[in-house]
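For reference, the structure is listed below as structure tokens.
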Amino acid sequence: MMLYGDLYNGLMWHASLQNMRPTTSLLLALSTLHIVFANPPSRTVQDVEHASCTLKALGSGRDDSPRFLTAMQTCSTVVVPTGTTLNISARLNTTGLSNKHLNLQGTMRFDPNIPYWSANGFPFTFQTQITFWILGGRNILVDGGGTLDGAGQAWYDAFASNSSLLRPITMTLFQATNVVVQNIKMVNSPEWFNLVNEGKNITFSGVTLTAASTSSHRAANTDGWDIYRSDQVVIRDSVIDNGDDCVSFKPSKLVSVLLTSLTEPKDSTNVLVSNLNCTGSHGISVGSLGQFAGIFDIVENVTAVNIRMSNAQNGARIKAWAGPGVGSGIVKNITFKNFIESNVDNPVVIDQCYMTNATACAQFPSNTFIQDIFFTSISGTSSGSTVAKLACSPGARCSDINVNNFSLSAPSGTAKYTCQNVNLTGNAASLFPACTVT
Ligand SMILES: *[C@@H]1O[C@H](CO)[C@@H](O)[C@H](O)[C@H]1NC(C)=O
Ligand SMILES: *[C@@H]1O[C@H](CO)[C@@H](O)[C@H](O)[C@H]1NC(C)=O
Ligand SMILES: *[C@@H]1O[C@H](CO)[C@@H](O)[C@H](O)[C@H]1NC(C)=O
Ligand SMILES: *[C@@H]1O[C@H](CO)[C@@H](O)[C@H](O)[C@H]1NC(C)=O
Ligand SMILES: *[C@@H]1O[C@H](CO)[C@@H](O)[C@H](O)[C@H]1NC(C)=O
Ligand SMILES: *[C@@H]1O[C@H](CO)[C@@H](O)[C@H](O)[C@H]1NC(C)=O
Ligand SMILES: *[C@@H]1O[C@H](CO)[C@@H](O)[C@H](O)[C@H]1NC(C)=O
Ligand SMILES: *[C@@H]1O[C@H](CO)[C@@H](O)[C@H](O)[C@H]1NC(C)=O
Ligand SMILES: *[C@@H]1O[C@H](CO)[C@@H](O)[C@H](O)[C@H]1NC(C)=O
Ligand SMILES: *[C@@H]1O[C@H](CO)[C@@H](O)[C@H](O)[C@H]1NC(C)=O
1 MMLYGDLYNG
11 LMWHASLQNM
21 RPTTSLLLAL
31 STLHIVFANP
41 PSRTVQDVEH
51 ASCTLKALGS
61 GRDDSPRFLT
71 AMQTCSTVVV
81 PTGTTLNISA
91 RLNTTGLSNK
101 HLNLQGTMRF
111 DPNIPYWSAN
121 GFPFTFQTQI
131 TFWILGGRNI
141 LVDGGGTLDG
151 AGQAWYDAFA
161 SNSSLLRPIT
171 MTLFQATNVV
181 VQNIKMVNSP
191 EWFNLVNEGK
201 NITFSGVTLT
211 AASTSSHRAA
221 NTDGWDIYRS
231 DQVVIRDSVI
241 DNGDDCVSFK
251 PSKLVSVLLT
261 SLTEPKDSTN
271 VLVSNLNCTG
281 SHGISVGSLG
291 QFAGIFDIVE
301 NVTAVNIRMS
311 NAQNGARIKA
321 WAGPGVGSGI
331 VKNITFKNFI
341 ESNVDNPVVI
351 DQCYMTNATA
361 CAQFPSNTFI
371 QDIFFTSISG
381 TSSGSTVAKL
391 ACSPGARCSD
401 INVNNFSLSA
411 PSGTAKYTCQ
421 NVNLTGNAAS
431 LFPACTVT
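Going by this note's numbering, the sequence shown opens with residue 1, and the numbers climb by one from there.
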């Protein structure tokens, strides 16, 4: 027997007794027709917990966030149907969930009320960020082909005249475990698109990210993903066109990230192929690390494979701070493999004197050790003459740096390779001149 009723205006719910659950398509068809029993049977909490709810916009300039929050709390599946644009005007705390499916076919648009969000976005002390939405808990699926619209244009324009403006990250996975985000689009985030904060076993796939400003003001700091203090994160089969890092591995206590796709024959669980196309970004970046005194940063076991990088500032990059009063850390076992680059300012980079001048870097070498790094099969073109720049801090801070199968060219003239304070191994080491020692 089926029960359905009007939970509140615009949100339809339906529940079935567990052993008589009708098909999803039937439920969706019924909800779209807004069938409401005149005298709905009384509902129990258990019924509602098993319900699939369809949430449509209230319209008329009203805020849909309270109803979105209620739906996420009470229904196991929340459908935002095609053609609906939810107006999200207040911050979303959907943490502590379990077994939830957000089937986003329509759009969630974050109303660009700048004074509201800069005062009320959920704050993160790490790099002084705020976010529209914290999503957390266990066993969460977000899919449906719909769109998260950060309505960033107003933010890009406001930031141009206020460089200390706090701009919200679109979606933050906050203390989340076993999460899949797939087949969705994200557009015009005011700041980073995705932050994974203290997450475990998180997969993003089939995600399309686009940040484009229509004014002369850049879509600044629109990182695709920032991974912070998280473990077992997969990002694959996605297309990114943005104005900052495509993916950035921020300092972590424990990180093991596969930036890959799983489409290759699974003869071994570690044979993986990726498929990430990044345009206009600042590259795949590890770091910056070792910035804050007293903090030890770890980034370990990262594989970024099959990446197309176009019109970007960097391709494969590791950056760490040196100089007086900085922090410390370790970057270990990082593989950048099968990168195809086009018009990239710095196709291959280690910068261990990040934001530090040569004198200060020599006097105060980086405390962030970089070891077991593999740059393998890197091809394509740079925008300038230098195609690879591996600048390590003095004091043997970099070790076991492997370069293989490079096929990089400059737009004109001879491609330049530079290195300092590092011994390189691999078949592309001969492309580099004797490394300078500082
Ligand atoms: C969204 O809701 C807010 C608050 O009610 C309202 O000010 C704003 O105009 C709405 N936006 C849209 C596009 O309806
Ligand atoms: C989010 O909501 C949960 C549950 O109500 C609460 O415990 C938590 O403090 C909230 N988080 C934030 C950052 O407000
Ligand atoms: C700039 O943004 C900051 C942080 O959001 C805010 O405190 C400040 O009032 C803004 N300044 C102006 C001139 O709007
Ligand atoms: C990781 O999450 C996925 C999706 O929720 C789940 O199917 C898988 O069992 C989880 N893996 C582990 C090791 O828990
Ligand atoms: C990336 O671009 C290549 C070449 O155009 C294409 O074959 C591949 O499917 C694209 N990947 C994705 C995830 O769209
Ligand atoms: C890195 O991977 C190795 C081999 O699988 C594992 O022993 C090690 O614990 C991992 N490190 C971290 C920080 O997860
Ligand atoms: C290096 O990291 C990869 C995952 O990115 C992992 O499969 C491999 O076991 C790690 N190797 C070592 C020696 O820890
Ligand atoms: C280099 O950096 C140090 C420390 O930040 C600073 O004191 C010094 O003036 C800088 N030197 C130059 C040449 O910029
Ligand atoms: C470099 O390319 C050759 C020829 O394709 C291949 O056999 C070799 O395994 C590659 N080296 C690495 C380190 O991947
Ligand atoms: C490079 O190798 C030489 C010979 O083993 C060693 O003396 C030197 O310290 C190494 N340099 C670095 C930067 O590791």
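Think of the CB as a built atom: it goes at the ideal place given N, C-alpha and C, for glycine as much as any other residue.
Every value quoted in this text rests on a predicted model; they were computed, and no experiment measured them.
Judged by beta-carbon spacing, VAL326 lies beyond the 8 Å limit of GLY294, meaning their Cβ atoms are not closer than that value. DSSP places TRP133 in no alpha helix (DSSP H) but in the uninterrupted beta strand (DSSP E) bounded by 133-143.
Residue pairing of MET108 in beta bridges, as defined by DSSP: LEU86, LEU148. The alpha-carbon separation between THR85 and PRO66 amounts to approximately 15 Å. At least one heavy atom of ligand 3 lies less than 7 Å from the C-beta of ASN162. Fully enclosed beta strand (DSSP E) runs of no fewer than 3 residues occupy 314-321, 328-344, 346-354 of the region 300-379, in order along the chain. Each of THR303, THR376, VAL305, LYS389 was checked against the Cα of LYS319, and the nearest Cα belongs to LYS389. By a beta-carbon distance limit of 8 Å, LEU69 contacts LEU92. Their separation comes to about 6 Å. In its chain, beyond the 5 residues on either side, ASN87 have a beta carbon closer than 8 Å to the beta carbon of ARG62. Beta bridge pairing from DSSP links SER238 with LEU276. By DSSP's assignment, ALA176 forms a beta bridge with GLY137.
Within its own chain, no residue has a Cβ closer than 6 Å to the Cβ of GLY384 once the five positions on either side in sequence are excluded. In the DSSP assignment, PHE432 falls outside any alpha helix (DSSP H) and carries neither an H nor an E.
Beyond the five residues adjoining it in sequence on each side, LYS200 comes within less than 6 Å, by CB distance, of THR177, ASP231, GLN232 in the same chain, given in chain order. Per DSSP, ALA119 is one residue of the alpha helix (DSSP H) stretching across 114-120. According to the DSSP secondary-structure assignment, ILE295 is paired through a beta bridge with no residue. In the three-state reduction of the DSSP assignment, PHE68 falls in the helix class. Here the C-alpha atom of ASN188 lies approximately 9 Å from the C-alpha atom of TYR156.
Not one heavy atom of ligand 4 sits closer than 7 Å to the Cβ of ASN402.
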